[in-house]
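The structure under discussion appears below in the form of structure tokens.
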Amino acid sequence: MKYDVIHGRLRYISFVILNLLCLFAANTAAAWIYLEKNNFKRYGFDDYKPVMIIMAVIDVGVALCFNTLQRVYRRRKRRELIKNLQHIGISFVTLSVILFSLRQGAEYSRVTVFLAYGIDYVFITGAHVIWREVLRAFRRESGRPTALLMTTDRFVDEGVEELRKLNIDVKYIYLLKNLNINEIDKLPVIKTWEETASVICWEEIERVYIYGLDHQMVPEYLVNACRDMRLKLDLVDFNYRIIDVKTIKTEDPKYGALSFLEGKRDIPFPIRRVYWITETEADLHRGFHAHKMNCQLLYCPYGKIDIILDDGKKKTTVTLDEPGKGLILMPGLWREMVWQQSGSVLCVLASEYYDAEEYIRNYDEFVAYSNKYREAGK
Ligand code: TYD
Numbered sequence: 000m001k002y003d004v005i006h007g008r009l010r011y012i013s014f015v016i017l018n019l020l021c022l023f024a025a026n027t028a029a030a031w032i033y034l035e036k037n038n039f040k041r042y043g044f045d046d047y048k049p050v051m052i053i054m055a056v057i058d059v060g061v062a063l064c065f066n067t068l069q070r071v072y073r074r075r076k077r078r079e080l081i082k083n084l085q086h087i088g089i090s091f092v093t094l095s096v097i098l099f100s101l102r103q104g105a106e107y108s109r110v111t112v113f114l115a116y117g118i119d120y121v122f123i124t125g126a127h128v129i130w131r132e133v134l135r136a137f138r139r140e141s142g143r144p145t146a147l148l149m150t151t152d153r154f155v156d157e158g159v160e161e162l163r164k165l166n167i168d169v170k171y172i173y174l175l176k177n178l179n180i181n182e183i184d185k186l187p188v189i190k191t192w193e194e195t196a197s198v199i200c201w202e203e204i205e206r207v208y209i210y211g212l213d214h215q216m217v218p219e220y221l222v223n224a225c226r227d228m229r230l231k232l233d234l235v236d237f238n239y240r241i242i243d244v245k246t247i248k249t250e251d252p253k254y255g256a257l258s259f260l261e262g263k264r265d266i267p268f269p270i271r272r273v274y275w276i277t278e279t280e281a282d283l284h285r286g287f288h289a290h291k292m293n294c295q296l297l298y299c300p301y302g303k304i305d306i307i308l309d310d311g312k313k314k315t316t317v318t319l320d321e322p323g324k325g326l327i328l329m330p331g332l333w334r335e336m337v338w339q340q341s342g343s344v345l346c347v348l349a350s351e352y353y354d355a356e357e358y359i360r361n362y363d364e365f366v367a368y369s370n371k372y373r374e375a376g377k
């Protein structure tokens, strides 16, 4: 963690040095362009030093102020506004300085400031692109790509393992529910979406992966931050998972069993709806649909129900026959439920409110949808 913080700061300092180098180069170029070649020799560094110092102070000051603001407001969806204000701020401050601070009749200074700023803008834009690529290439050579993993504590081990299989090192973990854990297997745990934004903005990682989490839960500003920073945001997802529902039994059977599920820890989506199916007969068949958005957690507190799942390519059957067994279903799965025992109860926790439009009830339409979905995910 310490190394990463130092690494992040060093990276930042390298960009500040790069900016100052660009500034120096731009000023030299501006002076060279403005003055005839012969005259240029007579103008030394001392002549354009004041202009350069003013520009450096403005550059560093304004960038520091607005970078801080951008990082603070990143979470409040005001980034675009701040970004625009930064441009307006830089232009405003620069123009004010040019118009009011320089000596009367200092024609050389005024023109070179304009020229230098134009050239500086081009230099900095180009240099940043190149330097960023150099740093990335260096990092890639010195190891495998690093990633931030967003998941729940139930799926964290699986998620790390899945990424290892893809030759990716997990550098940070974001857990949906913070349990005051600082690290898992020596990997630092991020506790808030804001901290996640900061890791993304400091480019301490190269990729962001979502595992076993409804991707709709990731705030939009984080998705946009990844896009801005050109970080790959990806889902390494499963379409279903069987989970153990914690069940407590006392020694005396007359007390029965108590099972429980905890939001955010066991359930990787917000619960917007709960429903259950009762008064059922054996060999009842229900379902025959898929969802486009809805994530669900199914469990059967009493009886025995087969859940036949179909992802458009292959079928699997999961039998729910004990209160301690839960089945998480992500969207895009065709399901059929078969009651094996009369009176069996099916309980469902769902991520979405009921919306008939969100169902796919025609099998052919589902196959076409899932193929398209798969193509899009490639
Ligand atoms: P349906 O989805 O057809 O059940 P299944 O697929 O298990 O056979 O739902 C049956 C009826 O209940 C249908 O008219 C819609 C209604 N319904 C709601 O109004 N809200 C809900 O949350 C659910 C699940 C169903």
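When we follow numbering that gives the first Met the number 0, the leftmost residue of the sequence shown carries the number 0, and every step to the right adds one. The beta carbon of each residue, even a glycine, is placed where N, CA and C say it ideally should be.
Under the assumption that residue i contacts residue j (Cβ atoms under 8 Å), give the Cβ distance between them as a whole number of angstroms.
{"i": "S343", "j": "Y298", "result": "About 11 Å separates the two Cβ atoms, so there is no contact after all."}
{"i": "V188", "j": "Y210", "result": "Going by Cβ atoms, the distance from V188 to Y210 rounds to 14 Å, so no, they are not a contact pair."}
{"i": "E115", "j": "A29", "result": "According to the sequence displayed, residue 115 carries Ala and not Glu. With a Cβ gap of about 4 Å, A115 and A29 count as contacting."}
{"i": "T145", "j": "D168", "result": "5 Å"}
{"i": "M329", "j": "N179", "result": "Not confirmed; about 28 Å, so no contact."}
{"i": "D213", "j": "C294", "result": "5 Å"}
{"i": "D305", "j": "T316", "result": "5 Å"}
{"i": "S369", "j": "G323", "result": "About 31 Å separates the two Cβ atoms, so there is no contact after all."}
{"i": "L148", "j": "I199", "result": "Incorrect: roughly 13 Å between the Cβ atoms, too far for contact."}
{"i": "M228", "j": "E202", "result": "6 Å"}
{"i": "L19", "j": "A55", "result": "6 Å"}
{"i": "T279", "j": "K303", "result": "Contact flag wrong, Cβ pair sits at about 11 Å."}
For residue i, write down the residues that DSSP places opposite it in a beta bridge.
{"i": "P187", "result": "E182"}
{"i": "Y358", "result": "H290"}
{"i": "Q295", "result": "L328, A349"}
{"i": "F259", "result": "K245"}
{"i": "T316", "result": "I307"}
{"i": "K231", "result": "R206"}
{"i": "A146", "result": "V169, R206"}
{"i": "Y239", "result": "L328"}
{"i": "V337", "result": "H284, D305"}
{"i": "Y274", "result": "V347"}
{"i": "L17", "result": "Bridge partners of L17: none, in fact."}
Quick one: is residue i buried, meaning 16 or more other Cβ sit within 10 Å of its Cβ, or exposed?
{"i": "N181", "result": "exposed"}
{"i": "R74", "result": "Low confidence applies to R74: its pLDDT is 49, below 50, so where it sits in the model is not reliable, and the reading given next is rough at best. The residue is buried, with at least 16 neighbouring Cβ atoms inside 10 Å."}
{"i": "R360", "result": "exposed"}
{"i": "A349", "result": "buried"}
{"i": "W338", "result": "buried"}
{"i": "K170", "result": "buried"}
{"i": "R122", "result": "Rather than Arg, the amino acid found at residue 122 in this sequence is Phe. It is buried - the Cβ of F122 has at least 16 other Cβ atoms within 10 Å."}
{"i": "F259", "result": "exposed"}
{"i": "E351", "result": "buried"}
{"i": "N166", "result": "exposed"}
{"i": "V128", "result": "exposed"}
{"i": "T150", "result": "buried"}
{"i": "V273", "result": "exposed"}
{"i": "Y220", "result": "buried"}
{"i": "D152", "result": "buried"}
{"i": "I247", "result": "exposed"}
{"i": "D58", "result": "buried"}
{"i": "L257", "result": "exposed"}
{"i": "I242", "result": "buried"}
{"i": "W112", "result": "A small correction: the amino acid at residue 112 is Val; Trp does not occupy that position in the sequence shown. With 16 or more Cβ atoms within 10 Å of its Cβ, V112 is classed as buried."}
By Cβ distance, which residues of its chain are closer than 7 Å to residue i, with the 5 residues on each side in sequence left out?
{"i": "L232", "result": "V207, V222, C225"}
{"i": "D119", "result": "C21, L22, A25"}
{"i": "Q103", "result": "The pLDDT assigned to Q103 is 47, lower than 50, so where the model puts this residue is not dependable; a value taken from the coordinates is nonetheless given after this. Cβ within range, chain order: n/a, list empty."}
{"i": "I32", "result": "L114"}
{"i": "A281", "result": "W338, Q339, Q340, S341"}
{"i": "R131", "result": "none"}
{"i": "K245", "result": "S258, F259"}
{"i": "Y353", "result": "R272"}
Going by beta carbon distance, what residues of the same chain come within less than 8 Å of residue i, once the five residues before and after it are set aside?
{"i": "R240", "result": "F154, G211, L326, I327"}
{"i": "W275", "result": "V344, L345, C346, V347"}
{"i": "E357", "result": "H290, K291, M292, N293, E351"}
{"i": "L186", "result": "V159, V169, K170, Y171, I172"}
{"i": "Y11", "result": "W201"}
{"i": "Y362", "result": "F287, W333"}
Between residue i and the rest of its own chain, which residues show a CB-CB distance below 6 Å, the 5 nearest in sequence each way excluded?
{"i": "E205", "result": "P144, T145"}
{"i": "W192", "result": "P218"}
{"i": "T277", "result": "V344"}
{"i": "F268", "result": "D213, C294, S350"}
{"i": "D309", "result": "W333"}
If you pair each beta-carbon of the segment 127-137 with each one of the segment 161-175, do three or more pairs fall below 8 Å? no
With contact counted as at least three CB pairs below 8 Å, one residue from each stretch, are the segment 171-185 and the segment 254-267 in contact? yes
Are at least three pairs of beta-carbons, each pair with one atom in the segment 277-286 and one in the segment 327-336, less than 8 Å apart? yes
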